[in-house]
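*Asks:* The sequence shown runs contiguously to residue 614 in this note's numbering.
The beta-carbon is built from N, C-alpha and C at its ideal position, and this holds for glycine as well.
Keep in mind it's a predicted model, so treat the numbers as computed, not measured.
Provided herewith is a single structure, encoded as structure tokens, for subsequent inquiry.
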Amino acid sequence: MLAVKTDKLTKNYGDFKALDELELQVIKGEIYGLLGPNGAGKTTAIKVLVGLLKKTSGTAQVLDIEIPNKQIASDIGFMPQETAMYIGLTVHQNMEFFGKLFGMTKEQIAIKEAELLKFVDLEDWKDELVQNLSGGMKHRVSLACTLIHEPDILFLDEPTVGVDPKLRANFWKYFNKLKENGTTVIITTHYMDEARNCDRVGFMRQGKLIAEGIPNEIMKDTGTDNLEDAFLHYATIGEASDGPTPDGGGE
Ligand SMILES: Nc1ncnc2c1ncn2[C@@H]1O[C@H](COP(=O)(O)OP(=O)(O)O)[C@@H](O)[C@H]1O
Ligand SMILES: [Mg+2]
Numbered sequence: 364m365l366a367v368k369t370d371k372l373t374k375n376y377g378d379f380k381a382l383d384e385l386e387l388q389v390i391k392g393e394i395y396g397l398l399g400p401n402g403a404g405k406t407t408a409i410k411v412l413v414g415l416l417k418k419t420s421g422t423a424q425v426l427d428i429e430i431p432n433k434q435i436a437s438d439i440g441f442m443p444q445e446t447a448m449y450i451g452l453t454v455h456q457n458m459e460f461f462g463k464l465f466g467m468t469k470e471q472i473a474i475k476e477a478e479l480l481k482f483v484d485l486e487d488w489k490d491e492l493v494q495n496l497s498g499g500m501k502h503r504v505s506l507a508c509t510l511i512h513e514p515d516i517l518f519l520d521e522p523t524v525g526v527d528p529k530l531r532a533n534f535w536k537y538f539n540k541l542k543e544n545g546t547t548v549i550i551t552t553h554y555m556d557e558a559r560n561c562d563r564v565g566f567m568r569q570g571k572l573i574a575e576g577i578p579n580e581i582m583k584d585t586g587t588d589n590l591e592d593a594f595l596h597y598a599t600i601g602e603a604s605d606g607p608t609p610d611g612g613g614e
């Protein structure tokens, strides 16, 4: 039961391979952490999978459908690294816009909006223009907009950058709640405490997945007691050897 499956997925920018025959498999219902240094190709991978970027070659299925395919757009939630909202509109208007985009009725939007604004603690800011909010608050609105249509699979690209630790913990409570409801979550992060919360993590480097596994097992395998060291271990052995084989997670 795979939510994402790629086979030799490649994305070139000119002569540069941002994704180099990427093999990625995400199991339905898991929280999968996509890790790796800046420039590894995490954002490119996500943008290809959500249909915003055209792949160069290889194949990819999301929720069993070969992408790109407009038909699954409404099953996908995507929170971009650079928050994308209408800053000249209020928080409420943004949520309504995204809800309508996915064909929700006013009533459906109202119910979901109330729930989400409570969760991101912005109930009192509903009628404020987004441009007047702080960076962290904009992030929270962006996450709420991403979740409004209850997607089956969520791609979150560094959703917690600039979010304070207390709210970060709240985000994770919510991610876990989504998971309990069967949502698949793919998240990129530089915070190793977050990576530890993932069911599995994959390390990307130069457009490839160079290692993958369950956080505790990765630490055991690399003889380290924290993911940061394990990550460094993989980052430095990447070129010298192939490193551990991604286990792929089965099919
Ligand atoms: N539009 C683009 N044109 C050319 N190169 C790009 C473009 N977008 C990303 N890249 C390059 O592709 C590589 C992967 O970028 P990205 O996917 O953003 O990595 P990550 O999210 O892991 O930091 C980087 O070397 C980046 O400079
Ligand atoms: Mg990125």
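1. Using only alpha-carbon positions, find the residue among Ala-381, Lys-391 and Val-413 that is nearest to Gly-404.
2. Short of 8 Å in beta carbon distance, which residues of its chain neighbour Asp-490, apart from the five on each side in sequence? Order them along the chain.
3. Suppose the cutoff is 7 Å on Cβ atoms and the five residues either side in sequence are ignored; what does the same chain contact list for Gly-525 look like?
4. To the nearest angstrom, how far is the alpha carbon of Glu-521 from that of Thr-552?
5. Does the Cβ of Phe-379 have 16 or more other Cβ atoms within 10 Å, making it buried, or fewer, making it exposed?
6. If I measure Cβ to Cβ from Leu-510 and keep anything under 7 Å in the same chain, skipping five residues before and after, which residues do I get?
7. Does the distance from the C-beta atom of Ala-598 to that of Pro-578 stay below 8 Å?
8. Out of curiosity, what's the CA-to-CA distance linking His-596 and Asn-589?
9. When you compare only the Cα positions, how much space is there between Cys-561 and Leu-397?
10. Relative to ligand 1, is the shortest distance from any of its heavy atoms to the C-beta of Thr-419 smaller than 7 Å?
11. What number of angstroms, rounded off, separates the C-alpha of Met-442 from the C-alpha of Phe-460?
12. Could you compute how far the alpha carbon of Lys-433 sits from the alpha carbon of Met-582?
*Replies:* Once the coordinates are examined:
1. Ala-381
2. Thr-453, Val-454 and His-455
3. Gly-498, Gly-499 and His-502
4. 5 Å
5. exposed
6. Gly-440 and Leu-479
7. no
8. 11 Å
9. 9 Å
10. no
11. 15 Å
12. 40 Å
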